[in-house]
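Accompanying notes for the structure given below.
There are 2 protein chains.
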Amino acid sequence: MSSKKPTIKDVARLAGVSFKTVSRVVNNEAWVSDDIKTRVQAVIAQLNYQPNRTARLMRTAPFSLAFVYDNPNSHYVIEMQNGILSQCRQKGFELVIHPTDSHSGQVLQELTTIIGSNQVGGVILTPPLSENRELVQQLLAQQAKVVRIVSGSAPPDDLCPTIYVDDEQAGFSITRHLLTQGHRRIAFLGYHKDHQSSLGRYRGYCAALHEAGLTVSEQLVITGDFTFDSGVAMTEQLLQRGDKPSALFGCNDEIAAGALFTARMHQLAVPQDLSIVGFENSPFSRQTWPRLTTVHQPNAEIAAKAADLLIGLMLESEQHSEHCGFELQLVLRDSVSLLS
Amino acid sequence: MSSKKPTIKDVARLAGVSFKTVSRVVNNEAWVSDDIKTRVQAVIAQLNYQPNRTARLMRTAPFSLAFVYDNPNSHYVIEMQNGILSQCRQKGFELVIHPTDSHSGQVLQELTTIIGSNQVGGVILTPPLSENRELVQQLLAQQAKVVRIVSGSAPPDDLCPTIYVDDEQAGFSITRHLLTQGHRRIAFLGYHKDHQSSLGRYRGYCAALHEAGLTVSEQLVITGDFTFDSGVAMTEQLLQRGDKPSALFGCNDEIAAGALFTARMHQLAVPQDLSIVGFENSPFSRQTWPRLTTVHQPNAEIAAKAADLLIGLMLESEQHSEHCGFELQLVLRDSVSLLS
DNA sequence: AAAATTCATGTCAACGTTGTCATATTTTTA
DNA sequence: TAAAAATATGACAACGTTGACATGAATTTT
């Protein structure tokens, strides 16, 4: 009943052919007569034969790729994962997820291990790891294929295929949206000098203010990271001060949700007393009250594209750097008021 | 510069020993002289040699396990994943994530493929797949190791090691909490006849009402699934009716958040006009306003335990069924009022 | 009708490990 | 001090596949 898994030789024996012929049928190679092909396929079905991936892997390049991330945002990770997985399944690849700590200084070693042991043939790097040029180079030096996702309006260099997401443009759009609604004192929450997405969004914010003839007030730019708790803390800090803003640009939806929460604590009605916008269009932003006006970031699509490029790279051995840019669209909802 | 990856034979040549001896050093086998051991280790370090996992896998049992789930809840999946991953890393195992659609009828075939091709040696099954007794049996028949996570106060059978989570007990506790706060008309949102967790929580809800001498009103038990949107729809349905409840038990935090949202739309203050409780203690439940009273479900811990059991099973070949139960604790926050 | 070409199949060596067994050396025991 | 046991090492097969090459049959070309 529960016998050993059938091998290619078992199939061969039963079909009365050499095991190489079975291999040909399995891999859909040319020059197999239809006669034998059907016969072999019948036996394969009968025995329920499945080629052993491990053994196959010994003769071929690895068909696993790693998704490397350092990001506490569940929605982000899941969306990315799903996007990558959709491509992997289509093309028979496997996904290895690799959450890591970019500050530990161990990332290179960790990745070296999984690459060196042939566990994966390529990696998808997300911010902030993707911004580490040296890391990319060292992975490349290990003959690994690399695709990275970065913030920017163009790829920073030609090291490897790159997906770039135009945070600046989107930061500009959403800030201008607040301006057209009459807001003049707009705070920026989540500035972080080491965080490219934050900086891009900040540049867009500044550009929009300048275009409207306004100057950027340092008072209104608050430093913090991309979490709910940080959003709460930054908003507290802001509201403590005298001259309150009429609108608030959260660098991502979690910060914005933190701001929403804090506004609520201070008996401020959103959007009547304070307008708030977020960034990312995570499911979360549809589930707050009021629903957040935000920027749609198509994570699953971005990830799928990254996986697509990486798999292309892994299949053809040529290392031609193809890039791909994403523009982000405004999503208007209920957290912004029209100032008269 | 970028030469081929070193193999065990390269190490052997450089160290002047047979490659078998190197294998012994790598695997920490007995009967290697300290002298040679250090010499070999030096060469390993020098060449930066990493054993090829794929080749090793050809001679050993697979050390990958699959996390199989059909659940749209990002927080849940991420917490589970992290819990499993923590164990995998500790013990040198690999994780294959396998989201699937339990209604497609393809699950068995999908899992058969990844098991049959030696991609994984074991699987962790979560609800609702873990409740499918036949599926478990068929996986077992394929010599796969299985650990399942189910809802219940005891394992349903001895098929395989089982993690059981006492939803009934927790549903009872949280309902009783509402009762002690003076609530009498308590709605139950998210009843689903095919969903064991829902049923468990429902049974707890009923038991608490009975204990308080109340009867369960069909009017107050609303069927739906475990999503925000369903929570909105169910709350709408409930509020449409004449006789409104004073409290509302959402079968998970997302339902509760949907209820919160809808209450807000209807100008009902929570908890003053309506109390709401959730279930799961997802990060989400701390980020709503007001923060949700809920039940803590230690997903990462549960998942880690499951991985631990599964890895144990994969290492020792004996199939002894060890089980493990989890009790759930109430988390009191701000979404329940004291009714006078 | 012989030679060349295409098609169909088979043989055998790899891939980089681990397991089995044999052998050489050292240490212990009788 | 010879025999036995323990220790240390190596030779070689095996895992299940794919790739390089060989071979034989059928078909086309000259």
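Residue numbers (the numbering used here), protein chains in the order written: chain A, -6 to 333; chain B, -6 to 333. Beta carbons are placed, not taken as given, at the ideal position from N, Cα and C, and that holds for glycine.
- Around the beta-carbon of B/M307, 16 or more other beta-carbon atoms lie within 10 Å, marking it buried.
- A check of alpha carbon separations from B/F181 across B/L192, B/I1, B/Q174 identifies B/L192 as the nearest.
- Membership of B/S191 in the alpha helix (DSSP H) is indicated by the continuous run 189 to 204.
- Here B/P276 is actually not in contact with B/S190; their C-beta atoms are around 19 Å apart, not less than 8 Å.
- Under the three-state reduction of DSSP, A/E315 is assigned to coil, being neither helix nor strand.
- Annotation for A/L128: V100, L101, L122 place their beta carbon closer than 7 Å to its own, counting only its chain and skipping 5 residues before and after.
- Separation of A/L50 and B/T47 (C-alpha to C-alpha, rounded to the nearest whole angstrom) is 7 Å.
- Fully contained in the stretch 135 to 182 of chain B are the following beta strand (DSSP E) runs of length 3 or more, in chain order: 138 to 144, 155 to 158.
- Chain-order list of chain A residues neighbouring B/L88: V89, I90, by C-beta distance under 9 Å.
- Its chain contains A256, L261 as the residues whose beta carbon lies nearer than 6 Å to that of B/L267, once the 5 sequence neighbours on both sides are disregarded; these appear in chain order.
- A/I29 and A/V18 have their alpha carbons spaced roughly 9 Å apart.
- When the five nearest sequence neighbours on each side are left out, no beta carbon in the same chain lies closer than 6 Å to the beta carbon of B/T14.
- Any Cβ of chain A closer than 7 Å to the Cβ of B/S110 would place that residue at the interface, and such an atom is present.
- Here the stretch 212 to 225 of chain B makes no contact with the stretch 235 to 252 of chain A; the two share fewer than three CB pairs at distances below 8 Å.
- For A/S278, the nearest beta carbon of chain B is not closer than 7 Å to its own beta carbon.
- The C-beta distance from A/F56 to A/H91 rounds to 17 Å, too long to fall under 8 Å, and the pair is not in contact.
- When secondary structure is reduced to three states using DSSP, A/Q290 falls in the coil class, being assigned neither helix nor strand.
- A residue is called buried when at least 16 other Cβ atoms come within 10 angstroms of its Cβ; A/N66 meets this threshold and is buried.
- If you draw a 10 Å sphere on the C-beta of A/D159, you find 16 or more other C-beta atoms in it, and that means buried.
- Interface annotation, A/R17: not in contact with chain B, CB-CB separation never under 7 Å.
- With 16 or more other CB atoms across the displayed protein chains lying within 10 angstroms of its CB, A/L58 is buried.
- Within chain A, the residues Q43 have their CB atoms less than 7 Å from the CB of B/T106, given in chain order.
- Listed by position along chain A, the residues whose Cβ is nearer than 7 Å to that of B/K(-2) are G109.
- Every alpha helix (DSSP H) of 4 residues or more that sits fully in the stretch 215 to 296 of chain B is shown, in chain order, as 221 to 233, 246 to 258, 277 to 280.
- Taking a Cβ-Cβ threshold of 7 Å, none of the residues of chain A is close to B/H96; the smallest such distance is about 18 Å.
- In this structure, B/H170 is the residue among B/H170, B/Q265, B/C317 with its C-alpha nearest to the C-alpha of B/T287.
- Along the stretch 53 to 70 of chain B, the positions whose C-beta sits under 8 Å from a C-beta of chain A are P55, S67, H68, V70, read in chain order.
- With respect to B/V25, A/I71 sits apart: the two C-beta atoms are not nearer than 7 Å.
- By the neighbour-count definition (other C-beta atoms within 10 Å, threshold 16), A/G98 is an exposed residue.
- Between B/L267 and chain A, the shortest Cβ-Cβ separation is not below 7 Å.
- No Cβ-Cβ contact shorter than 7 Å links A/I108 with A/A134.
- According to the DSSP assignment, B/L78 belongs to no beta strand (DSSP E) but to the alpha helix (DSSP H) extending over 67 to 84.
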